[in-house]
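Working notes, beginning with the structure itself.
Protein chains in written order, with full-length UniProt numbering: chain A, 1 to 699; chain B, 1 to 699.
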């Protein structure tokens, strides 16, 4: 699907306002008042037959009177009127529109019809319409205010914020302001009848006035658009920071009634975002803090850990604890650093990370400055968090020094100044410094920056191995898997993909069984082959550890008689005889269809790991080698595979390679496989490979 | 140890200031200025030969000139002068003192001597001294300001705050103010030379002006004081809310250099606090939010879950997600509630929890009010969080309604009003409402309240089973365990405590072995008995699954010969023959000595659970039945014991009972056991008991 041209929407030279009110107390008067007050430079055409002019703009009587090719139409009419108005606008060749009206899919049946028609209109005309049921949007730098929300333009940062909840987005807008961060672009996507959350992501990824993209999202609607938007941002080195909600059952239900988006499988989202280096945040403070930090933070040439410098021992302890909790490292300072610090700091200061300068450092501002530079210059430090807790009196001496240090370093400097007065906060922010309000919040945001920088480097190294490229290489298959019903058939299909299965054969009588075992070699396993029987091992359909010809005969007969008893009407296709694999670690690999992500691969260790501990990882197919390795490393049971306490490590690279193959198999047959379950797959010792012992498909 | 009388310290009728400065720019002038400015009602005696009077108070020339029995002396002199000054004050029968000076144990060797002497002084005279290296304290209601920190008394809530970091404590003081919460008491404990963190807890527990006790703690110094302080608070129904830091390696190291307190084993602290229903919080915002909520929250007669009402779908989704994340429930509203809501709310509102009234409710304030009452009246709701996001215009209509609802309900009502103006915030707080700033923070604090209320109920029910009472019942033993070296001896000791061990005997020759097996019955296990051999099974010292007389003879000889080969100099005391226990789930129970908590019991499932997953729980001994059950339930492997997928449940009550017995054993022998390791202990099916298969002691 071609992308929308959102340039006329966000950077319009002309704006028509349909349903503009002359009554300033009304919400529908807001956009016009806003445009006038903020000094929008383009042409504005209010359309309302009742007025001669509104807010100093000449009024037009109807849409027909509008000039052609207007860039943006603000549609402030009822839900039922919206589509007729848009049709008229389309005749005037309008280039984009925003519909505020509620009364679409969020109200149920009746509204869904209206929304459906609106979607048709957008698809047919390719006119991008923001909304409906949207708070609208703004572009601060060009004073384009297409929202009826109250806006107050003072700080403009190169940050674009996209939200599926207008109210929640506005809340973060106000929170961000308190952090000294002003979104240059803000858009409330509403019900997304045609223009999708990730259409906006893609637009901002290509907008040179945007450096960081933030958002609140309940659910994505289109995997292709999501992938495309994220890729565009990555290509242009723009971090995306998303708060994805709806992880709980209740939350997901509420999301589906809120903007009728599907919250989806949280863990697939998580692994998808992680894989694409999208920064996922988990609460509203982490969201604005991370945006504020990414707006000012740096990507230093070398990766490293966190340096902590405080004037309070307590804050240092808290920050060290939080580093560990959030999975980043408190930097090991080099001996050079600590001995330099020792030279200039008083004896009761702590020169190890967290460095405690103590409050007395304030009487030695030069040493304070030098200490910060020493820590910043440490090769193990990627970002430095400074905790300060001082009154206004000392701030004017300190802040210019901090500003200077920040300008001179290529590393990220975060100032956690506790409860600053407005004056001090303004001085910090005007100085271009990144201020974060508490030690815990500072470390949480820094964690996101460090992990993002790390991910960026990792992605840079493995770019040739991205699954997106593989997707196009895997030809769509014409065969479906309808005929692969029994374990034997499925294994044959898997084997065709290079996945190891046990040596074996399907036999139809005892003599063939005996002959076949001579080829395979003892011990063997006998299993009934029937697409009618699902739980074969529970009802006498499987015999393991068969070591002699006599045992083969007995096992064969016993399976047949058990099946005749337990499944009298089942169609038995034969007995599958396979070599018995004794040693190795059992894992399972599954595949299921997610409504958004398509085929997803689940992986974990068997037995209690999955049943008791839910120690499972999920990623969308197809997988790259890197994805497969990440999946294997991310489960708790990884230690088992790696070999604990002197035990031999398992063949992890063979496992990774089979995960990739299985994911490609599932991708290729995505239209015919509902579920695939390979359980167990045995991972042998390093160098000895893996074997899929059992496989079942729901198709 | 008798407790200190802290009444003269916090509620002094007279205050002497030693080293009072007349120069208002100096820090040492602050207390005096503060006392005057705030209007302290008692008598103040500045002591300084250089002045006639300071700040309107008549100056005394020296300590000798002070009247006797002054309640509080503020000692503002150097570290070296502090003790001589205190000795002089003791002669004047001063009742308490505070020492600000740094230069004690926090600076190392030299300071440690000074602090040691100070501790001696305090123990000898029983004069409570706050500090040294302390920011001091205040009592807002009586205008007692014994701190040189800047204080600004406006809001006074019945909250006492105790902190081991003056700076961090002051930071939370300022944060709390922003939340509309003013600590009535604040104390910076400094190095705690004599008066300990929990001495203050105990004092505030008995102070009728205090309702909630909060604190920042790096480490406790005395288990008895801690237990006593917490018990006093519980007896008086006062919640304790603590932020315990130093959970990370780096953090713990920093804590030990900061106030020379030991951060200790975090998981023992956690289980101890949980057991005692102390609310442990993990960051500075959670700390002040929880204090603010506990100050205003209610303990309703019935336990229940969280009702969520919003005017923004997004905020509702976030709160539902956070309930799940924090382990509390979003209440299931009764059918009565939802149908009542349906009657009065517009059709696009959501009447399920989270209830979304939508922003349009503001045009129907009566329905808004009614909706809140309907949800509050639901029997499944214990606390209600209301999310609001409105400008100032509507606030004066809404807030009086909220106030009225809050006064009429016996349930907790939390108002999460997003980014209120100062005016709106003041109106909310003046109305006695509990305001919390963000959806995530509101739910986190509510979680603490709900869990505290739950814990209170639980503690009320199990009060007769508290381990404190057991401790006194367990007589101190006179025997030590020096003679119990071999597995056999240790098992005999355990058996004496009622702990089940396998049937068996120690034999010294093959004939005795054969006879003994006839009593026990096959199959049996043979193990070498020697205190010189630790890893018996690794070197041929153990033979299992012995089924015949011949196998007994062979096993016996083989063990002896293996030992002669592998441990030529070991003293072999014989062979331990035991019945072989085949079925059951293997767990381990260990005991170790913690420097603060004394003997602690570790418990977990064997094998990978402990080695790979670190699925282990630790509590201090002795344990109550309730503790033991809580421990068992808290590990991830509990599902295994409970019986997954139709498997028979294990004998959990026998396991709990043995955990209690083992903890009592460790408690009784705490002076002679360094470590005890029972691994494995086999838990058989329900009703069939448990058996300790192996046991080792480090003594």
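Ideal Cβ placement from N, Cα and C applies to all residues, glycine included. This structure is a prediction, so every number in the text was calculated from the model and none was measured.
Closest in C-alpha terms to residue 223 of chain B, from the list B:249, B:196, B:241 and B:243, comes B:196. About 5 angstroms separates the Cβ atoms of residue 73 of chain B and residue 16 of chain B, confirming a contact at the 8 angstroms cut-off. Here the alpha carbons of residue 297 of chain B and residue 383 of chain B stand approximately 9 angstroms from one another. In this structure, the CA atom of residue 460 of chain B is about 10 angstroms from the CA atom of residue 235 of chain B. The shortest C-alpha to C-alpha distance from residue 529 of chain A to any of A:550, A:488 and A:500 is the one to A:488. Taking a contact to require three or more Cβ pairs closer than 8 angstroms, the segment 351-364 of chain A and the segment 271-290 of chain A do not qualify as touching. Proximity to residue 392 of chain B across B:421, B:410 and B:229 peaks at B:421, based on C-alpha coordinates. The secondary-structure analysis by DSSP pairs residue 578 of chain B across a beta bridge with B:504 and B:525. If you ignore the 5 residues before and after residue 409 of chain A, its C-beta comes within less than 7 angstroms of the C-beta of 376, all in its own chain and listed in chain order. Residue environment analysis places residue 619 of chain B among the buried positions, since at least 16 neighbouring C-beta atoms fall within 10 angstroms of its C-beta. Neighbours of residue 639 of chain B in chain A, taken as residues whose beta carbon is under 7 angstroms from its own, are 612 in chain order. Pairing residue 556 of chain B with residue 576 of chain B gives a Cβ-Cβ distance that is not under 8 angstroms. According to the DSSP assignment, residue 138 of chain A belongs to the beta strand (DSSP E) that extends over 136-139.
As for any beta strand (DSSP E) of minimum length 3 sitting wholly inside the segment 284-344 of chain B, the runs are 305-310, ordered along the chain.
One finds nothing in chain B with a Cβ atom closer than 9 angstroms to the Cβ of residue 422 of chain A; even the nearest lies about 12 angstroms away.
Residue 564 of chain A and residue 651 of chain B have their C-alpha atoms roughly 39 angstroms apart. The criterion of a C-beta distance shorter than 8 angstroms is not satisfied by residue 621 of chain B and residue 656 of chain B. In the structure shown, residue 164 of chain B adopts coil according to DSSP, grouped into three states. Under the DSSP definition of a beta bridge, residue 591 of chain B partners with B:601 and B:676.
Per DSSP, residue 668 of chain B is one residue of the alpha helix (DSSP H) stretching across 652-668.
Distance from the CA of residue 567 of chain B to the CA of residue 683 of chain A, rounded to the nearest whole angstrom, comes to 38 angstroms. In the structure shown, the three-state DSSP call for residue 697 of chain A is strand. Taking C-alpha positions only, residue 102 of chain B is separated from residue 600 of chain B by approximately 35 angstroms. Beyond the five residues adjoining it in sequence on each side, residue 281 of chain A comes within less than 8 angstroms, by CB distance, of 241, 242, 243, 287, 290 and 448 in the same chain, given in chain order. The beta carbon of residue 317 of chain B falls within 8 angstroms of a beta carbon belonging to chain A, placing the residue at that interface. For residue 442 of chain A, no beta strand (DSSP E) run applies; the uninterrupted alpha helix (DSSP H) run containing it begins and ends at 439-461, by DSSP. Taken in chain order, the complete alpha helix (DSSP H) segments of 4 residues or longer contained in the segment 163-219 of chain A are 166-178 and 197-205. Assignment of residue 356 of chain B by DSSP, reduced to helix, strand and coil, places it in the strand class. Taking all protein chains in view, the Cβ of residue 247 of chain B is crowded by 16 or more other Cβ atoms within 10 Å, so the residue is classified as buried. Separation of the CB atoms of residue 405 of chain A and residue 373 of chain A is rounded to 6 angstroms, and the pair is thereby assigned contact status at 8 angstroms.
Remark: C-beta atoms of residue 680 of chain B and residue 659 of chain B do not approach each other more closely than 8 angstroms. In the three-state reduction of the DSSP assignment, residue 545 of chain B falls in the strand class. Taking the Cα positions, residue 221 of chain B is about 7 angstroms away from residue 596 of chain B. An exposed status is given to residue 124 of chain B, since fewer than 16 other beta-carbon atoms sit within 10 Å of its beta-carbon.
Residue burial annotation: residue 164 of chain A is buried, with at least 16 other C-beta atoms found within 10 angstroms of its C-beta. A Cβ-Cβ separation of about 5 angstroms places residue 191 of chain B in contact with residue 132 of chain B under the 8 angstroms criterion.
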